[in-house]
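Scroll down for the structure; my scribbles are underneath it.
Numbering (the numbering used here), first residue to last: 138 to 311.
Take a look at the structure:
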């Protein structure tokens with residue numbers, strides 16, 4: 138039963154010359170702040186946003202490339218899946234890791250049908266960092282097939298209907 142215990146300080150590593158840039162989108166301030174600190178301690182450059190609209194603004198103003206989107210799924214105004222689609226219009230090779238606090242088995246099963254990586258909240262520091270490293274390594278090793286990812290995510294989205302907090306999105310799928 139050895140639960141993983143990693144302090145924020147022990148997750149730190151030597152800074153790299155060109156750290157990967159992670160756009161972190163989380164509407165819960167405490168979760169966003171702790172996750173951002175963990176990522177920075179691990180050597181990533183972190184751009185934090187409290188909402189999808191703010192994330193779109195941050196990404197459009199960012200000088201350079203965003204390597205990875207780490208986003209909550211259910212947020213006010215727009216869900217994380219719709220945000221990922223919009224950000225891919227700006228940057229087609231963007232890698233996405235979705236975070237969800239919903240333990241609903243059906244949601245989890247359907248989310249795994251997408252090409253993105255999904256992690257369940259709460260998560261350990263080591264698990265988060267391993268999934269982010271996996272996403273970045275997969276992109277570096279294999280590249281991204283944007284059309285295949287879009288087909289996979291659209292198919293999953295048609296089943297999911299992950300709502301924003303205000304209203305369910307119109308997926309425009311038929």
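For glycine and all other residues, C-beta sits at the position ideal for the given N, C-alpha and C.
So what does DSSP say about residue 260, is it helix, strand or coil? coil
Who does residue 162 pair with in a DSSP beta bridge? 186, 208
Nearest-angstrom Cα distance between residue 284 and residue 182? Residue confidence for residue 284 is low, a pLDDT of 47 falling below 50, so the modelled location carries little weight; the figure read from the coordinates is stated next. C-alpha separation (whole angstroms): 28 Å.
Let me know the secondary structure DSSP gives residue 157 once reduced to three states. coil
Using the Cβ count rule (16 or more neighbours within 10 Å means buried), how would you classify residue 204? buried
Going by DSSP, which residues form a beta bridge with residue 237? 257
Could you check which residue in 236, 271, 268 has the C-alpha nearest to that of residue 169? 236
Is it true that the region 172-190 meets the region 155-162, where meeting means three or more beta-carbon pairs spaced less than 8 Å apart? yes
Measure the Cβ-Cβ separation of residue 189 and residue 220 and say whether it is below 8 Å. yes
Residue 232 - DSSP class collapsed to helix/strand/coil: strand
Evaluate contact between the region 194-210 and the region 264-279, counting only Cβ atoms and requiring at least three cross-stretch pairs below 8 Å. yes
Going by CA-CA distance only, name the one from 271, 192, 258 that's closest to residue 224. 192
Range of the contiguous alpha helix (DSSP H) that encloses residue 221: 217-227
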